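Residue numbers (my numbering), protein chains in the order written: chain H, 172 to 298; chain C, 172 to 298.
All C-beta atoms in this analysis are idealised placements derived from N, C-alpha and C, irrespective of residue type, glycine included.
Source: prediction; values computed, not measured.
Protein chains: 2
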Amino acid sequence: MGLNSETPPIHTETSFSGRTKKIVRDPCLQPCSIERGMRILGGKWKGSILWHLKDGPVRFNDLTRMLGGASKKMVDQRLKEMETIGLVERHVLQTRPIAVAYSITDFGKSTLNVLEQLKTWAEQHGI
Amino acid sequence: MGLNSETPPIHTETSFSGRTKKIVRDPCLQPCSIERGMRILGGKWKGSILWHLKDGPVRFNDLTRMLGGASKKMVDQRLKEMETIGLVERHVLQTRPIAVAYSITDFGKSTLNVLEQLKTWAEQHGI
DNA sequence: TCAACCAGTCTCTTTTTTGTAACCACCCTA
DNA sequence: TAGGGTGGTTACAAAAAAGAGACTGGTTGA
Numbered sequence: 172m173g174l175n176s177e178t179p180p181i182h183t184e185t186s187f188s189g190r191t192k193k194i195v196r197d198p199c200l201q202p203c204s205i206e207r208g209m210r211i212l213g214g215k216w217k218g219s220i221l222w223h224l225k226d227g228p229v230r231f232n233d234l235t236r237m238l239g240g241a242s243k244k245m246v247d248q249r250l251k252e253m254e255t256i257g258l259v260e261r262h263v264l265q266t267r268p269i270a271v272a273y274s275i276t277d278f279g280k281s282t283l284n285v286l287e288q289l290k291t292w293a294e295q296h297g298i
Numbered sequence: 172m173g174l175n176s177e178t179p180p181i182h183t184e185t186s187f188s189g190r191t192k193k194i195v196r197d198p199c200l201q202p203c204s205i206e207r208g209m210r211i212l213g214g215k216w217k218g219s220i221l222w223h224l225k226d227g228p229v230r231f232n233d234l235t236r237m238l239g240g241a242s243k244k245m246v247d248q249r250l251k252e253m254e255t256i257g258l259v260e261r262h263v264l265q266t267r268p269i270a271v272a273y274s275i276t277d278f279g280k281s282t283l284n285v286l287e288q289l290k291t292w293a294e295q296h297g298i
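Shown next, in the form of structure tokens:
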């Protein structure tokens, strides 16, 4: 099916400067908020990590095991990124032997809505 | 602040097989639905493209101009991926000169909730 | 003592992604 | 006829991401 009379008109935000030069009225000069959000949450494993932390702190190796397919290196990198952004926190437990646990911060929790929607969407559409 | 008595207990889904070997009760053998969803929507520009198509078909060059910073090649690649998945449709307009417009499909529209949430989240947190 | 655990780190290689720029073939208008 | 438009494609280079696998240095239980 092609575009026919019922389909909405072509949506353009361009116009001509003078008679020939085309300009965009509303370009995303910087990546728009969706794009910027994706750069935070869209990385490989990031969503999954947050999701696995939502029920309480998890230790490093446990987390790696939960994310079947992710290497320690990956998990380590992601956790560091997410720690500097403030999505997760790192706690050293003064037990013997020493252990390290990661937990989700309030900021991290603020992403759970989005992730839940995404999860629902993916499941509904058999992704 | 470290982990103290009020913080939830370490959340582990592991146990020991026999006495020594640790196993995970609930590993993501395949990437979980969040991960799989991200693989679809998380790519660079994908969300933005869908968002820009939501108000009606847009022509290729216009779209490229709207996504400030994306090259034709990028937009082209993303559109092709998204067309094969069924998120967008390509229409050749029999005008003179010939033109091509891309529009969002119903499946594509089903992602708009997620994208809207993401957008809201990003804006609320000054991302 | 051996083996498995802890939380990572390091190095190396491979793969993927991204960007730049030129090019095509055709159209339209000043 | 030149210079803008149309929707792409191609080749090449550069940069980023990902993966494999060994290794550390200590701990713990059988």
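Problem - Neighbour flag for G218(H) against chain C, beta carbons, 9 angstroms - result: Translated into positions along the first sequence, residue 218(H) becomes position 47. With 9 angstroms as the cut-off, G218(H) counts as an interface residue toward chain C.
Practice task
Specify, as a first and last residue, the run of the beta strand (DSSP E) that L264(C) falls within.
Solution key: Counting from one through the second sequence, the residue named residue 264(C) turns up at place 93. Looking at the DSSP string, the run of the beta strand (DSSP E) that includes L264(C) is 259–264.
Problem - Pairwise C-alpha distance: R261(C) and G279(C) - result: Indexing the second sequence from 1 puts residue 279(C) at position 108. Indexing the second sequence from 1 puts residue 261(C) at position 90. In a straight line, the C-alpha of G279(C) is about 13 angstroms away from that of R261(C).
Problem - Contacts of G213(C) in chain H (Cβ-Cβ under 7 angstroms) - result: Counting from one through the second sequence, the residue named residue 213(C) turns up at place 42. Result: M209, G213.
Problem - Assumed close pair V285(C), L212(C) - CB separation to whole angstroms, cut-off 8 angstroms - result: The residue you call residue 285(C) lines up with position 114 of the second sequence. The residue you call residue 212(C) lines up with position 41 of the second sequence. About 7 angstroms separates the two Cβ atoms, so the contact holds.
Practice task
Find the residues of chain C that neighbour L305(H), judging by a C-beta separation of less than 7 angstroms, and give them in chain order.
Solution key: For chain H, the structure presents residues 172 to 298; residue 305(H) sits outside this window and is missing.
Exercise for the section: Would you check if the distance between the CB atom of K215(C) and the CB atom of E294(H) is smaller than 9 angstroms? Expected result: Mapped onto the second sequence, residue 215(C) falls at position 44. Mapped onto the first sequence, residue 294(H) falls at position 123. No. Outside cutoff.
Problem - Residue closest to I269(H), alpha-carbon to alpha-carbon, out of Q248(H), G208(H), F231(H), L258(H) - result: One-based indexing of the first sequence puts residue 269(H) at position 98. Nearest of Q248(H), G208(H), F231(H), L258(H) to I269(H), Cα basis: F231(H).
Practice task
Please look up how many angstroms separate the CB atoms of M209(H) and G218(C), rounded, as I've assumed it's under 8 angstroms.
Solution key: The count along the first sequence starts at 1 and reaches residue 209(H) at position 38. The count along the second sequence starts at 1 and reaches residue 218(C) at position 47. At roughly 5 angstroms, the Cβ-Cβ gap stays under 8 angstroms, so M209(H) and G218(C) are in contact.
Practice task
Could you tell me whether any Cβ in chain H is nearer than 9 angstroms to the Cβ of E294(C)?
Solution key: As a first step, residue 294(C) is located in the second sequence; it is residue number 123 there, counting from the start. Yes, E294(C) lies at the interface with chain H (some Cβ there is under 9 angstroms from its Cβ).
Exercise for the section: Could you check if K251(C) is buried or exposed, using at least 16 other CB atoms within 10 Å of its CB as the buried criterion? Expected result: Taking the second sequence and counting its residues from 1, one reaches residue 251(C) at position 80. K251(C) should be labelled exposed.
Exercise for the section: Give a yes or no on whether 9 angstroms exceeds the smallest Cβ distance from K244(H) to chain C. Expected result: On the first sequence, residue 244(H) is found 73 positions in, with the first residue counted as 1. With 9 angstroms as the cut-off, K244(H) does not count as an interface residue toward chain C.
Practice task
Identify the contact partners of T183(H) in chain C, using a Cβ-Cβ distance below 8 angstroms as the criterion.
Solution key: For the purposes of this step, residue 183(H) is taken as the residue at position 12 of the first sequence. Within 8 angstroms Cβ-Cβ: V229, R230, D233.
Practice task
Put A293(C) into one of helix, strand or coil per three-state DSSP.
Solution key: As a first step, residue 293(C) is located in the second sequence; it is residue number 122 there, counting from the start. DSSP places A293(C) in helix when its eight states are reduced to three.
Problem - Residue from L221(H), H223(H), V229(H), I220(H) with nearest C-alpha to H182(C) - result: As a first step, residue 182(C) must be located in the second sequence, where it is residue number 11. When each option's Cα is compared against that of H182(C), the closest is V229(H).
Problem - K244(C) versus R267(H): straight-line alpha-carbon distance, rounded - result: In the second sequence, residue 244(C) corresponds to position 73, counting from 1. In the first sequence, residue 267(H) corresponds to position 96, counting from 1. Cα-Cα distance, rounded: 55 angstroms.
Practice task
Quick one: give me the first and last residue of the alpha helix (DSSP H) that S219(C) is part of.
Solution key: Looking up residue 219(C) in the second sequence gives position 48. Segment 217–224, the alpha helix (DSSP H) holding S219(C).
Exercise for the section: Mind listing the chain H neighbours of I269(C)? Cutoff is C-beta to C-beta under 9 angstroms, in chain order. Expected result: Residue mapping note: residue 269(C) aligns to position 98 of the second sequence, counting from 1. Simply none; closest approach about 12 angstroms.
Problem - Own chain residues within Cβ distance below 6 angstroms of A241(C), not counting five before or after - result: The residue labelled residue 241(C) in the question sits at position 70 within the second sequence. If we look at A241(C) and ignore the five residues flanking it on each side, its Cβ neighbours are W216.
Practice task
Determine, using beta carbons only, whether T299(C) comes closer than 9 angstroms to chain H.
Solution key: Residue coverage of chain C in this structure runs from 172 to 298, which leaves residue 299(C) outside it and unanswerable.
Exercise for the section: With distances taken Cα to Cα, identify the nearest neighbour of S274(C) among H223(C), T185(C), C203(C). Expected result: By 1-based counting over the second sequence, the position of residue 274(C) is 103. That would be H223(C), whose Cα lies nearest to the Cα of S274(C).
Exercise for the section: Verify whether the separation of the beta carbon atoms of T235(C) and L258(C) is less than 9 angstroms. Expected result: In the second sequence, residue 235(C) corresponds to position 64, counting from 1. In the second sequence, residue 258(C) corresponds to position 87, counting from 1. Contact flag unset, no.
Problem - Cross-strand partners of S274(C) (DSSP beta bridge) - result: What you label residue 274(C) is simply residue 103 of the second sequence in a count that begins at 1. S274(C) pairs with E260(C).
Handout entry: Assigned secondary structure, T282(H) (DSSP; H/G/I helix, E/B strand, else coil)
Key = The residue you call residue 282(H) lines up with position 111 of the first sequence. Three-state DSSP puts T282(H) in coil, outside helix and strand.
Problem - Check whether S204(H) and K290(C) have beta carbons under 9 angstroms apart - result: As a position in the first sequence, residue 204(H) is number 33, starting the count at 1. As a position in the second sequence, residue 290(C) is number 119, starting the count at 1. Yes, these two residues count as a Cβ contact at 9 angstroms.
Exercise for the section: Alpha carbon to alpha carbon, how far is L264(H) from A272(C)? Give it in angstroms, no decimals. Expected result: Position 101 of the second sequence, counted from the start, is the residue given in the question as residue 272(C). Position 93 of the first sequence, counted from the start, is the residue given in the question as residue 264(H). For A272(C) and L264(H), the distance between alpha carbons rounds to 57 angstroms.
Practice task
Find the residues of chain C that neighbour K290(H), judging by a C-beta separation of less than 9 angstroms, and give them in chain order.
Solution key: Here residue 290(H) refers to the residue found at position 119 when the first sequence is read from its first residue. Under the 9 angstroms cutoff, chain C gives C203, S204, I205, G208.
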